[in-house]
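Enquirer:
Numbering (my numbering), first residue to last: 46 to 291.
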């Protein structure tokens with residue numbers, strides 16, 4: 046099996062006549078933590094959505110755990126079995142309890158027995174420190190709690206890779222820390238992680254590399270110390286000046 050969890054080479058993506066990704070080359074090793082940052086509209090979310098074919102591409106290649114993702118969706122089911130994703134909005138089913146949200150995909154996709162699915166769900170709800178809310182409905186939880194449930198739900202499927210698309214952007218400021226703390230603990234477990242975020246403290250603490258995007262291109266790709274203390278590109282310096290002084 047490849048040492049690389051994710052390999053993207055020459056990836057282009059258009060929405061109609063607008064090119065949103067241009068010649069993306071990015072590799073992520075197993076167990077590596079990558080933070081993607083950049084201004085709004087720079088292509089960050091589109092990039093990670095291409096990894097599990099939530100968005101198709103027009104050219105280039107994407108491999109996940111050595112398996113090539115075809116542009117027509119070939120191998121997508123095999124790839125998605127190993128990739129979990131957490132979105133800005135929590136996407137929990139409002140008519141299901143927390144526990145039911147965490148067992149549904151296990152039972153339908155993996156044909157897990159009800160007892161096994163429940164035990165696994167409770168294990169991961171404990172992991173994100175929210176097991177006591179298992180029998181509540183999403184509307185009864187805070188935003189931070191709902192996002193931790195969404196993380197637990199993704200972990201229940203046993204992914205080797207986790208993709209986070211601005212997981213704290215929809216949260217009130219006081220709820221951000223509890224979600225970031227959960228993600229830091231996952232990083233400590235050695236899971237491969239790509240996170241789109243503007244939380245630069247998280248990037249410093251967790252990332253092996255910070256990837257800065259602008260106008261659909263990767264402009265900078267460096268370890269946190271180099272990225273923050275000695276950025277090479279003017280666009281990176283301007284972005285950091287704005288976000289760190291915000």
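Glycine residues also receive a C-beta, built at the ideal position from the N, C-alpha and C atoms.
#1: Just to confirm my understanding: we take residue 170, look at its own chain, exclude 5 residues before and 5 after, and list those with CB closer than 8 angstroms. What are they?
#2: Please go through the same chain and pick out, in chain order, the residues whose beta-carbon is closer than 6 angstroms to the beta-carbon of residue 280, but skip the five residues on each side of it.
#3: Do residue 80 and residue 248 have their C-beta atoms within less than 8 angstroms of each other?
#4: Is it buried or exposed, residue 233, if we count other Cβ atoms within 10 angstroms and call 16 or more buried?
#5: Assuming residue 140 and residue 251 form a contact by the criterion Cβ under 8 angstroms, report the distance between their Cβ atoms to the nearest whole angstrom.
#6: Taking only three categories from DSSP, how would you classify residue 295?
#7: Mind checking whether residue 189 and residue 161 have CB atoms under 8 angstroms apart?
#8: Could you please give me the residues that DSSP links to residue 116 through a beta bridge?
#9: For residue 200 and residue 129, I'd like the C-alpha separation in whole angstroms.
#10: Compare the Cα-Cα distances from residue 156 to each of 202, 113, 167 and 116 and report the closest residue.
#11: Out of curiosity, what's the CA-to-CA distance linking residue 288 and residue 127?
#12: Against chain C, does residue 94 count as a neighbour if the rule is that its beta carbon must be under 8 angstroms from one of theirs?
#13: I'd like the ranges of any beta strand (DSSP E) spanning at least 3 consecutive residues and lying wholly in the segment 78-111.
#14: Less than 8 angstroms separating the beta-carbons of residue 91 and residue 55?
#15: Given residue 94, which residues of its chain have a CB within under 7 angstroms of its CB, disregarding the five upstream and five downstream residues?
#16: Along the chain, where does the beta strand (DSSP E) containing residue 169 start, and where does it finish?
#17: In this structure, how does DSSP classify residue 244 when only helix, strand and coil are distinguished?
#18: Which of helix, strand or coil does DSSP assign to residue 129?
#19: List the endpoints of the continuous beta strand (DSSP E) containing residue 68.
#20: In the structure shown, what three-state DSSP assignment does residue 260 receive?
#21: When DSSP labels each residue in this structure, what does residue 284 get in the three-state scheme?
#22: For residue 72, which residues from the same chain have a beta carbon less than 8 angstroms from its beta carbon, with the 5 sequence-adjacent residues on both sides left out?
Expert: Per the coordinate set shown:
#1: Counting only residues of its own chain and dropping the five nearest sequence neighbours on each side, residue 170 has a CB closer than 8 angstroms to the CB of 143, 144, 147, 176, 178, 179, 194 and 197.
#2: The residues are 259 and 264.
#3: The answer is yes: Cβ separation under 8 angstroms.
#4: Counting Cβ neighbours within 10 Å, residue 233 comes out exposed, since fewer than 16 surround it.
#5: Not a contact, Cβ separation roughly 35 angstroms.
#6: Within the shown structure, residues of the chain are numbered from 46 to 291, placing residue 295 beyond reach of any answer.
#7: Contact annotation: residue 189 and residue 161 have beta-carbon atoms that are not nearer than 8 angstroms.
#8: Under DSSP, residue 116 shares a beta bridge with no residue.
#9: Rounded to whole angstroms, residue 200 to residue 129 spans 7 angstroms at the Cα level.
#10: In this structure, 202 is the residue among 202, 113, 167 and 116 with its C-alpha nearest to the C-alpha of residue 156.
#11: If you take the alpha carbons of residue 288 and residue 127, they lie about 33 angstroms apart.
#12: You won't find chain C in this structure, because it holds only one protein chain.
#13: Restricting attention to beta strand (DSSP E) runs no shorter than 3 residues, the segment 78-111 encloses them at 78-82 and 104-109, ordered along the chain.
#14: In this structure, the beta-carbon distance from residue 91 to residue 55 does not fall below 8 angstroms.
#15: Around residue 94: 100.
#16: Segment 159-172 is the alpha helix (DSSP H) holding residue 169; no beta strand (DSSP E) there.
#17: Of the three classes helix, strand and coil, the one that applies to residue 244 here is coil, per DSSP.
#18: In the structure shown, the three-state DSSP call for residue 129 is strand.
#19: Run containing residue 68: 63-74, per the beta strand (DSSP E) assignment.
#20: Three-state DSSP puts residue 260 in coil, outside helix and strand.
#21: Secondary structure of residue 284 (DSSP, three-state): helix.
#22: Cβ-Cβ distances below 8 angstroms link residue 72 to 49, 51, 52 and 53 in the same chain, with the five nearest sequence neighbours on each side left out; the list follows chain order.
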